[in-house]
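Colleague:
Numbering (my numbering), first residue to last: 591 to 1061.
(1) Return the Cβ separation of residue 797 and residue 830 in integer angstroms, given the expectation that the two are a contact with Cβ distance under 8 Å.
(2) What first and last residue would you give for the alpha helix (DSSP H) that runs through residue 991?
(3) Cα separation between residue 825 and residue 630?
(4) Below 8 Å between beta carbons: does that hold for residue 1051 and residue 971?
(5) Whole angstroms is fine: what's the gap from residue 1016's alpha carbon to residue 948's?
(6) So the alpha helix (DSSP H) residue 789 belongs to, where does it begin and stop?
(7) Check whether the stretch 960–968 and the stretch 901–921 are in contact - that is, three or more C-beta pairs closer than 8 Å.
(8) Given a cut-off of 8 Å on the beta-carbon distance, is the pair residue 739 and residue 704 in contact?
(9) Confirm, please, whether the CB-CB distance from residue 895 to residue 941 is below 8 Å.
(10) Is residue 818 closer than 8 Å to residue 803 when the C-beta atoms are compared?
(11) Which residues in the same chain have their Cβ closer than 8 Å to the Cβ of residue 781, if we skip the five residues on either side of it in sequence?
(12) For residue 1006 and residue 1042, which I take to be in contact (beta-carbon distance under 8 Å), what is that distance rounded to the nearest angstrom?
(13) Who are the Cβ neighbours of residue 708 in its own chain at under 6 Å, not counting the five residues just before and after it?
(14) Does DSSP put residue 895 in a helix, in a strand, or in coil?
(15) Taking the C-alpha atoms as reference points, what is the distance between residue 990 and residue 998?
(16) Is residue 1012 near residue 878, with beta carbons less than 8 Å apart?
(17) Would you decide whether residue 789 is buried or exposed? Buried here means 16 or more other CB atoms lie within 10 Å of its CB.
(18) Could you check the C-alpha separation between residue 861 and residue 793 for me, to the nearest Å?
(19) Taking the alpha helix (DSSP H) that residue 687 falls in, what are its first and last residues?
(20) If we count the other Cβ atoms within 10 Å of its Cβ and call it buried at 16 or more, is residue 925 buried or exposed?
(21) If you draw a straight line from the alpha carbon of residue 983 to that of residue 812, how long is it in whole angstroms?
(22) Out of curiosity, what's the CA-to-CA distance linking residue 663 and residue 635?
(23) Please tell me whether residue 1061 and residue 767 are closer than 8 Å, where the distance is taken between their beta carbons.
(24) May I have the straight-line CA-CA distance separating residue 687 from residue 756, to the nearest angstrom?
(25) Using DSSP with H/G/I as helix, E/B as strand and the rest coil, what is residue 713?
(26) Please return the same chain residues whose Cβ sits closer than 6 Å to the Cβ of residue 810, not counting the five positions on each side in sequence.
(27) Does the Cβ of residue 898 have 16 or more other Cβ atoms within 10 Å, making it buried, or fewer, making it exposed?
(28) Measure how close the beta-carbons of residue 916 and residue 957 come, nearest whole angstrom, since I'm counting them as under 8 Å.
(29) To the nearest angstrom, report how far apart residue 695 and residue 628 are at their CA atoms.
(30) What three-state label does DSSP hand residue 953 in the structure shown?
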């Protein structure tokens, strides 16, 4: 080869080497870009499949960011409208994007996928919780991987997907007129069980701004239960969380898992609730408790406020023995049905205070007659009203134990609430009553158990399967 040919070949080689190098780099970059795109598309497809498996109707929206992109998977109701979970998803996406960009500044392109998990509670009721995951290309020594950087979950919210686009309202939660007073009652009871409050603190607890009407917004409702939120108060209570198992039975059943709904009203025919009106006379209460204990019977007692004030140890004795204790009026001869609304409220407050001082609890059962209570009493009491279906007539001065037992045994048909008093004749009659009813395959329970814990305000109860709604 001649000299000029050698030099020509050398020049061409030197010229082609950078061209080939840059061409190779170009194709490598293009291949890498395509690889990146494929990894992103694969991840997007995975999130799409995940959302499809959670809930059928949703749309995907994309938002460009200076250093990346955010994909939103937004569920839609049955009319094709986006539910307001989108607001929370956007806020969650922006928050996680800022975190990812701040904590991973060396990653040029960050992609966020804001999706959700869904739980079907009833036919049209779903619980949604937004979830956000940030992805980026992380370079290692030999390869670049597309991997998750950060993740974050939002707050669960429950929706009726048939028509609504907003999460359930307090109005939606209500099953009937008993829901609001029951929520208040459950919340107060829960606090009393957890804290040793003074009477003054009880008053402060009762004065909290519990949800009181359809427009209430100071709550969160999730599959865990109902959380009440409070403004600043002397007890420094910010929230009271009522578990679903506790509050679910009193809420709209369309929004509550079946396991947490109110038990069926059926049954109770083989159960009897013995109920005693009592003034808590010490010697008498001890005799009654001993007799019931020998017969393996749990009963329900109704005491006056004055009796609770005078005999607190006997009230605690009944509760410790496993019996349920409700109240009557403050004095034995007070007629709540003839009082004004304010007089009833004062009387019940005085009774409740005496009961609380004696036991650290509040009563939830009020003894009433078989007559229909006044509207004022029903409203002011805001608790279950317990009448009866069998009258033992042991209130008669001339009655003896055999007559008491005969009256009870002949009148019981099953599922009854039996009216008794803590008199000597009644205590002596208990073994005969227990023997006959056991022979009839019936057993004794408290009023609460007779109605499967379904006792609610504004209801007057006579026997299992027989109750009267008063509001």
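Don't be surprised by glycine CBs; every beta carbon is placed ideally from N, CA and C.
Modeller: This is what the structure gives:
(1) Taking the first residue of the chain shown as position 1, residue 797 is located at position 207. Taking the first residue of the chain shown as position 1, residue 830 is located at position 240. Between residue 830 and residue 797 the Cβ distance is about 14 Å, and since that is not below 8 Å, they are no contact.
(2) Along the chain shown, read from residue 1 onward, the residue named residue 991 stands at position 401. In the DSSP annotation of this structure, the continuous segment of the alpha helix (DSSP H) that includes residue 991 starts and ends at 991–1001.
(3) Taking the chain shown and counting its residues from 1, one reaches residue 825 at position 235. Taking the chain shown and counting its residues from 1, one reaches residue 630 at position 40. One C-alpha to the other measures close to 52 Å.
(4) Locating residue 1051 in the chain shown gives position 461, where the first residue counts as 1. Locating residue 971 in the chain shown gives position 381, where the first residue counts as 1. 8 Å or more divides the Cβ of residue 1051 from the Cβ of residue 971.
(5) What you label residue 1016 is simply residue 426 of the chain shown in a count that begins at 1. What you label residue 948 is simply residue 358 of the chain shown in a count that begins at 1. Cα-Cα distance, rounded: 26 Å.
(6) The residue labelled residue 789 in the question sits at position 199 within the chain shown. Under the DSSP assignment, residue 789 falls in the alpha helix (DSSP H) whose first and last residues are 789–796.
(7) Proximity of the stretch 960–968 to the stretch 901–921 falls short of the contact definition, fewer than three beta-carbon pairs being nearer than 8 Å.
(8) Within the chain shown, numbered from 1, the residue matching residue 739 stands at position 149. Within the chain shown, numbered from 1, the residue matching residue 704 stands at position 114. No, the pair does not count as a contact, with Cβ atoms beyond the cut-off.
(9) Within the chain shown, numbered from 1, the residue matching residue 941 stands at position 351. Within the chain shown, numbered from 1, the residue matching residue 895 stands at position 305. Judged by beta-carbon spacing, residue 895 lies within the 8 Å limit of residue 941, meaning their Cβ atoms are closer than that value.
(10) Numbered from 1 along the chain shown, position 213 holds the residue referred to as residue 803. Numbered from 1 along the chain shown, position 228 holds the residue referred to as residue 818. In this structure, residue 803 keeps its C-beta atom at 8 Å or more from the C-beta atom of residue 818.
(11) Numbered from its first residue, the chain shown carries residue 781 at position 191. Within its own chain, the residues whose Cβ lies closer than 8 Å to the Cβ of residue 781, once the five positions on either side in sequence are excluded, are 787, 795, 827 and 830, listed in chain order.
(12) If you number the chain shown from 1, residue 1006 lands on position 416. If you number the chain shown from 1, residue 1042 lands on position 452. Contact between residue 1006 and residue 1042 is ruled out by a C-beta separation of about 16 Å, above the 8 Å threshold.
(13) On the chain shown, residue 708 is found 118 positions in, with the first residue counted as 1. Excluding sequence neighbours, residue 708 sits near 644, 645, 716 and 718.
(14) Residue 895 sits at position 305 when you count from the first residue of the chain shown. In the structure shown, residue 895 sits in a helix (DSSP, three-state: H, G or I).
(15) In the chain shown, the residue the question calls residue 990 occupies position 400. In the chain shown, the residue the question calls residue 998 occupies position 408. Cα-Cα distance, rounded: 13 Å.
(16) Here residue 1012 corresponds to residue number 422 of the chain shown, with the count starting at 1. Here residue 878 corresponds to residue number 288 of the chain shown, with the count starting at 1. Contact flag set, yes.
(17) Residue mapping note: residue 789 aligns to position 199 of the chain shown, counting from 1. Exposed, because fewer than 16 other Cβ atoms sit within 10 Å of the Cβ of residue 789.
(18) By one-based count along the chain shown, residue 861 stands at place 271. By one-based count along the chain shown, residue 793 stands at place 203. One C-alpha to the other measures close to 37 Å.
(19) The sequence position of residue 687 within the chain shown is 97, counting from 1. Per DSSP, residue 687 belongs to the alpha helix (DSSP H) from 675–693.
(20) Taking the chain shown and counting its residues from 1, the one referred to as residue 925 is at position 335. With fewer than 16 other Cβ atoms within 10 Å, it is exposed.
(21) The residue labelled residue 983 in the question sits at position 393 within the chain shown. The residue labelled residue 812 in the question sits at position 222 within the chain shown. Approximately 50 Å, taken between the alpha carbons.
(22) Within the chain shown, the letter at position 73 stands for residue 663. Within the chain shown, the letter at position 45 stands for residue 635. Residue 663 and residue 635 have their C-alpha atoms some 12 Å from each other.
(23) Here residue 1061 refers to the residue found at position 471 when the chain shown is read from its first residue. Here residue 767 refers to the residue found at position 177 when the chain shown is read from its first residue. Contact flag set, yes.
(24) Position 97 of the chain shown, counting from 1, holds the residue named residue 687. Position 166 of the chain shown, counting from 1, holds the residue named residue 756. Residue 687 and residue 756: Cα-Cα distance of roughly 25 Å.
(25) The count along the chain shown starts at 1 and reaches residue 713 at position 123. Coil at residue 713, not helix or strand.
(26) Counted from its first residue, the chain shown places residue 810 at position 220. So the list reads 817, once near-sequence residues are dropped.
(27) Along the chain shown, read from residue 1 onward, the residue named residue 898 stands at position 308. Burial of residue 898 is indicated by the presence of at least 16 other C-beta atoms within 10 angstroms of its C-beta.
(28) Along the chain shown, read from residue 1 onward, the residue named residue 916 stands at position 326. Along the chain shown, read from residue 1 onward, the residue named residue 957 stands at position 367. The beta-carbon distance between residue 916 and residue 957, rounded to whole angstroms, is 6 Å. This is short enough to meet the 8 Å contact definition.
(29) Reading the chain shown from its first residue, position 105 is the one you call residue 695. Reading the chain shown from its first residue, position 38 is the one you call residue 628. If you take the alpha carbons of residue 695 and residue 628, they lie about 23 Å apart.
(30) Here residue 953 refers to the residue found at position 363 of the chain shown. Coil at residue 953, not helix or strand.
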